[in-house]
Amino acid sequence: MTRAQKTEEKFFKLLMIIATYFIFAVLALIIYSIFEKGIKAISWAMLTQIPQGGYYYGKEGGILNAILGSLSLAFGATVLAFVIGLPVALYLNVFLIRHKKVIDVIRFLLDLVWGIPSIVYGAFGFSLMIFFRLQTSLLAGILTVTLFILPIMIRSMDEILRTVPIGLQEAAYSLGSNKSEIAFKIFTRQSISGIITAILLSFGRAIGDAAAVLFTAGYTDHLPNGLLEPVATLPLSIFFQLSSPVPEVQNRAYASALVLTLIILIVSLFSRGIGKRYHKTKINF
Amino acid sequence: MENSTKIEIRDLNVYAGKTQILRNINIDIPRNKITVILGPSGCGKTTLLKCLNRLTDLYPELKVTGQIVIDGKNILAAREDIYKLRQQMGLLSQRPYPLPMTIYNNISYALKLRGIKNRREVHKLVMHYLQQANLWDEIRDRLREPASRLSIGQQQRLCLARGLAVNPEIILADEPTSALDPISSQVIEESFLKLKNDYSIVLVTHVLRQARRIADNVVFMYLGDVIEQGTVQEVFENPKMEKTKLYLGGTFN
Amino acid sequence: MYLLNREQRHVINYTWMIISLLLVAFLPFLLFLGLYLKSVLLLHDYSLTDLIFSKTWKPSSGQFGFYPFIVGSVWVTLVAMLITAPVCLLTAIYVTQYTKKFVLRIMHPAIDILAGIPSVVYGLWGILVIVPFISKYLGPWMGVSTMGYSILAASFVLSIMIIPFVLNILIEIFRAIPMELKEATLSLGATEWQTIKNVLLKKALPGIIAAFGFGLARAFGETMAVLMVVGNVVRLPHSVFDPGYTLPALIANNYGEMLSIPKYDSALMFAALLLLAVSLFFNLVMHFFIVRYNKY
Chain G
14 MTRAQKTEEK FFKLLMIIAT YFIFAVLALI IYSIFEKGIK AISWAMLTQI
64 PQGGYYYGKE GGILNAILGS LSLAFGATVL AFVIGLPVAL YLNVFLIRHK
114 KVIDVIRFLL DLVWGIPSIV YGAFGFSLMI FFRLQTSLLA GILTVTLFIL
164 PIMIRSMDEI LRTVPIGLQE AAYSLGSNKS EIAFKIFTRQ SISGIITAIL
214 LSFGRAIGDA AAVLFTAGYT DHLPNGLLEP VATLPLSIFF QLSSPVPEVQ
264 NRAYASALVL TLIILIVSLF SRGIGKRYHK TKINF
Chain R
61 MENSTKIEIR DLNVYAGKTQ ILRNINIDIP RNKITVILGP SGCGKTTLLK
111 CLNRLTDLYP ELKVTGQIVI DGKNILAARE DIYKLRQQMG LLSQRPYPLP
161 MTIYNNISYA LKLRGIKNRR EVHKLVMHYL QQANLWDEIR DRLREPASRL
211 SIGQQQRLCL ARGLAVNPEI ILADEPTSAL DPISSQVIEE SFLKLKNDYS
261 IVLVTHVLRQ ARRIADNVVF MYLGDVIEQG TVQEVFENPK MEKTKLYLGG
311 TFN
Chain A
6 MYLLNREQRH VINYTWMIIS LLLVAFLPFL LFLGLYLKSV LLLHDYSLTD
56 LIFSKTWKPS SGQFGFYPFI VGSVWVTLVA MLITAPVCLL TAIYVTQYTK
106 KFVLRIMHPA IDILAGIPSV VYGLWGILVI VPFISKYLGP WMGVSTMGYS
156 ILAASFVLSI MIIPFVLNIL IEIFRAIPME LKEATLSLGA TEWQTIKNVL
206 LKKALPGIIA AFGFGLARAF GETMAVLMVV GNVVRLPHSV FDPGYTLPAL
256 IANNYGEMLS IPKYDSALMF AALLLLAVSL FFNLVMHFFI VRYNKY
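Chains as they are written, first to last, in the numbering used here: chain G, 14 to 298; chain R, 61 to 313; chain A, 6 to 301.
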């Protein structure tokens, strides 16, 4: 190796190390700044109360409305996306298994839809609402977010289901099962851990997104009470409180951001743990 | 006659974590002969081959002890000149891996690493090595096409030509015909028989008939141990060890 | 034990699958159609080129020029890619080619967390850290006076947001290159770096381009984080230290009053349609690029 080659290799290796550390450092910095600001501002009252009069000028209250709102919205959307998504993923992997071309087209469409920005879903949801003369509401929010997380849900489950070996299918057929029994009994059981991971991943996306609910879910200082009422969400409560000129209110935005980040970290921790836990009924090949 | 041993392997042990892949390997590989390493899959043949040109360096989990002496130098101790060392050996792997370049550049890249840049010389040598690998006549008009458009058999011969282009003294071949059709396999085998006049060839295989057809010496390995070694007549006609007899008789594979 | 017999259950399950599948398959077309029908009002009165290239944005007097927003979006996206692309490429090579496996094992959760952090939290972090850094240090040091809320701030926050996305694809691509190709090149006497530079990068090139393309499409549509730090000034930016405005930010900022001005809602839906078109276009091109390449 000549000296020039050695210097070149060393130079690029140094750049690579810097790039790698840069990513870890930025991640640490983000987590640190959210926690540092958030912990100072957070209080029990914030987690357990709804905004009182004058809350947005720095008076008493909390963000319970947004916490519960976000949870119910994300929960609703995840359930709905699961109910629509699981059959699609199963259909692809059980019924269409011999039609490679059709599967490819559907996967491609799903990838296309996955790439669409959430604000577009928000705008689409809004135009639907106007068309059907609906108000901003929990239901409208759930429907919009469902569309948004549907491709994530289906593609993650699809990636798991396509690893189910063909031999297992053949064994089930030879016992006389029909296709939908194979799909809903064999495939779901074999892939249960992956399916749960997909659900949690979608839940995390649903609770963190703001752009899709901006138009459709509205905002309210009250606790969510019914599908047809507007509902507050954590991302929006962060956004609104942050744009206030009052320092106390801004601090609450930091606390709200901490709450949201914690929820998402816990969900992603869960999905990592569950992936390892639920291997009992899985047959390893 | 000068020293007829090209490579001496002494007390070679390879560990992957706690499991031992190769145990106390001692082999002499003669100059200008074809030495076939024979054995069922998973017996450590490929690892042995990777020790010879230090590709084991790529796997941090592998620990290699012992000596491999080539022309009086222990290559396992070498620190700086691994790149020169690897150029002493041409490698042919199980499946062909052409570089993502044109057919021509697959060869010229190897020449460039050797330091040959003069265009006319490069041109001459590319042709020479493609002829040596029995490929030139088939592809003389397609030199600027991507190498990936060749058939698998042609790709493997291109890889052979590329291996020769580093001007090695040794050719290491790891089941080079296992992915090929019978005709391409035959062409590769014929090339080996021609090439052994100029090169020392180490061929790993589990195909008994192939070993019998082209080997001068045979080393039989089983689960990380060398069971028996000797000339092809000795091992095939008159095996001494029970395991060798069973393997040659087709009891296990 | 069951209300229905096996056949009946099969029929129900099957119908359920088909209905869901149809819904999903038609989703992109539905989105397009829905937004198109809403923006048709605007397209009826103005020509497409007028809308895209006119610079004046005064909804109250009926002037809808999207040019400043398009330019803002393009700037923010391109500068973000300038940061993301080299960082991701270098990191992907490092963790797949040089380090031991455990680095990759800690890289994956790090990527997951970065990908999971919500957009608003990125925006908040931008306001807390990046904006002051630009206005207090970077701006003065470069000799410009800036508010900090700028194209650069948005690009930087955005670049971090798409790192997990691009890096994930790149790591997959490098891991998919067979080890034997590396071994073959090394056995010719090439050094590690020569192997990477001359062979692995060449082999991975189509994948790398596709990864950057997907990242670009994703960055173009990002809304909240960009909205929070970009400054939201309708003006053509002259440098990265100037504030700007992006298409998604335009939609998100004005949804409240869009029903109060004639054709305003139609204009915002047109902006969403533009975003959708850009996203679909990029993803389509990259998809066919990969498919075409894989044939060889």
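Beta carbons: idealized from backbone N, C-alpha and C, even for Gly.
Of all Cβ atoms in chain R, is any one closer than 8 Å to the Cβ of residue i?
i	result
Tyr301 (chain A)	The predicted model places Tyr301 (chain A) with a pLDDT of 46, which falls under 50 and marks its position as unreliable; any figure quoted below should be read in that light. Interface residue, yes.
Pro73 (chain A)	no
Asn203 (chain A)	yes
Glu188 (chain A)	yes
Answer yes or no: does any C-beta atom of chain G fall closer than 8 Å to that of residue i?
i	result
His49 (chain A)	no
Leu273 (chain A)	yes
Ile387 (chain A)	Residue 387 (chain A) cannot be examined here, being either before or after the span of chain A that is shown, 6 to 301.
Asn237 (chain A)	no
Val92 (chain A)	yes
Short of 8 Å in beta carbon distance, which residues of its chain neighbour residue i, apart from the five on each side in sequence? Order them along the chain.
i	result
Phe58 (chain A)	Gly70 and Tyr72
Ser260 (chain R)	Lys66, Ile67, Ile89, Pro90, Arg91, Asn92, Lys93, Thr95, Glu229, Ile230 and Ile231
Asp50 (chain A)	Lys268
Asn264 (chain G)	Lys50, Lys53 and Ala54
Val125 (chain A)	Met229, Ala230 and Met233
Ile47 (chain G)	Tyr267, Ala270, Leu271 and Thr274
Pro248 (chain A)	Met152, Tyr154, Ser155, Ile156, Val235, Gly236, Asn237, Val238, Arg240 and Pro242
Under 7 Å Cβ-Cβ, which residues of chain A neighbour residue i?
i	result
Pro120 (chain R)	Lys105
Tyr104 (chain G)	Met22 and Leu26
Val226 (chain R)	Leu193 and Gly194
Ile162 (chain G)	By Cβ distance, chain A contributes nothing, its closest Cβ being about 12 Å from Ile162 (chain G), past 7 Å.
Thr33 (chain G)	Thr96, Tyr99 and Val100
Could you name the residues of chain G that residue i contacts, counting a contact when the two beta carbons are closer than 8 Å?
i	result
Leu191 (chain A)	Correct list: empty, because the minimum Cβ distance to chain G is about 13 Å.
Met152 (chain A)	Correct list: empty, because the minimum Cβ distance to chain G is about 15 Å.
Pro253 (chain A)	Pro130, Ile132 and Ala224
Met166 (chain A)	Those within 8 Å of Met166 (chain A) in chain G number zero; the least Cβ separation is about 10 Å.
Starting from residue i, trace the beta strand (DSSP E) in both directions and tell me its first and last residue.
i	result
Arg83 (chain R)	Thr79 to Pro90
Thr95 (chain R)	Ile94 to Leu98
Ala233 (chain R)	Ile230 to Asp234
Leu263 (chain R)	Ser260 to Thr265
Met281 (chain R)	Asn277 to Tyr282
Residues bridged to residue i by DSSP?
i	result
Gln293 (chain R)	The partner list for Gln293 (chain R) (beta bridge, DSSP) is empty, contrary to what the question assumes.
Gln127 (chain R)	R:Arg70
Met149 (chain R)	R:Ile230
Trp62 (chain A)	A:Phe69
Val286 (chain R)	R:Met281
Starting from residue i, find everything on chain R with Cβ-Cβ shorter than 7 Å and list it in chain order.
i	result
Pro33 (chain A)	None at all; the shortest Cβ gap to chain R is about 34 Å.
Return the chain-ordered list of same chain residues with a C-beta closer than 7 Å to the C-beta of residue i, the five sequence neighbours on each side being excluded.
i	result
Met274 (chain A)	Leu40, Lys43 and Ser44
Glu205 (chain R)	Thr162 and Ile163
Gln254 (chain G)	Val262, Gln263, Arg265, Ala266 and Ser269
Counting only Cβ pairs nearer than 8 Å, list the residues of chain A close to residue i.
i	result
Ile277 (chain G)	Gly121, Ile122 and Pro123
Thr274 (chain G)	Ile122, Pro123 and Val126
Lys133 (chain R)	The premise fails here: Lys133 (chain R) is roughly 16 Å from chain A at the closest Cβ pair, so nothing lies under 8 Å.
For chain A, find out if any of its Cβ atoms is closer than 8 Å to the Cβ of residue i; answer yes or no.
i	result
Ala110 (chain G)	The residue you asked about is not Ala; residue 110 (chain G) is Ile in the sequence shown. Not closer than 8 Å to any Cβ of chain A, the Cβ of Ile110 (chain G) fails to qualify, so no.
Thr201 (chain G)	no
Ser85 (chain G)	no
Ser260 (chain R)	no
Gln254 (chain G)	no
Ser245 (chain R)	no
Arg146 (chain R)	yes
Asn257 (chain R)	no
Lys293 (chain G)	Model confidence at Lys293 (chain G) stands at a pLDDT of 49, short of 50, so the residue's coordinates are unreliable; what they give is reported in the following sentence. Cβ-Cβ to chain A under 8 Å: no for Lys293 (chain G).
Please go through the same chain and pick out, in chain order, the residues whose beta-carbon is closer than 6 Å to the beta-carbon of residue i, but skip the five residues on each side of it.
i	result
Lys208 (chain A)	Ile182
Show which residues of chain R have a CB atom less than 9 Å away from the CB atom of residue i.
i	result
Lys43 (chain A)	Those within 9 Å of Lys43 (chain A) in chain R number zero; the least Cβ separation is about 47 Å.
Tyr185 (chain A)	According to the sequence provided, residue 185 (chain A) is Glu. The question's Tyr does not apply to it. In chain order: Ser153, Gln154, Arg155 and Tyr157.
For a contact defined as C-beta to C-beta under 7 Å, what are the partners of residue i on chain G?
i	result
Ser155 (chain A)	Ordered by position in chain G, no residue passes the 7 Å Cβ test against Ser155 (chain A), which lies about 18 Å from the chain.
Would you say residue i touches the ligand HEM, meaning its beta carbon is less than 7 Å from a heavy atom?
i	result
Phe24 (chain G)	Ligands are entirely absent from the displayed structure, and the ligand HEM is therefore not among its contents.
What first and last residue would you give for the alpha helix (DSSP H) that runs through residue i?
i	result
Arg70 (chain R)	Taken as a continuous stretch (DSSP letters only), Arg70 (chain R) belongs to no alpha helix (DSSP H), being part of the beta strand (DSSP E) at Thr65 to Ala76.
Val114 (chain G)	As written in the sequence, residue 114 (chain G) is Lys, which differs from the Val given in the question. Where Lys114 (chain G) is concerned, the enclosing alpha helix (DSSP H) stretches over Lys113 to Gly128.
Gly213 (chain R)	Ile212 to Ala225
Name the chain G residues whose beta carbon is nearer than 9 Å to that of residue i?
i	result
Tyr260 (chain A)	Gly135, Ala136, Phe139, Leu227 and Phe228
Along chain D, which residues have their Cβ under 7 Å away from the Cβ of residue i?
i	result
Pro160 (chain R)	Here the protein chains are G, R and A, and chain D is not one of them.
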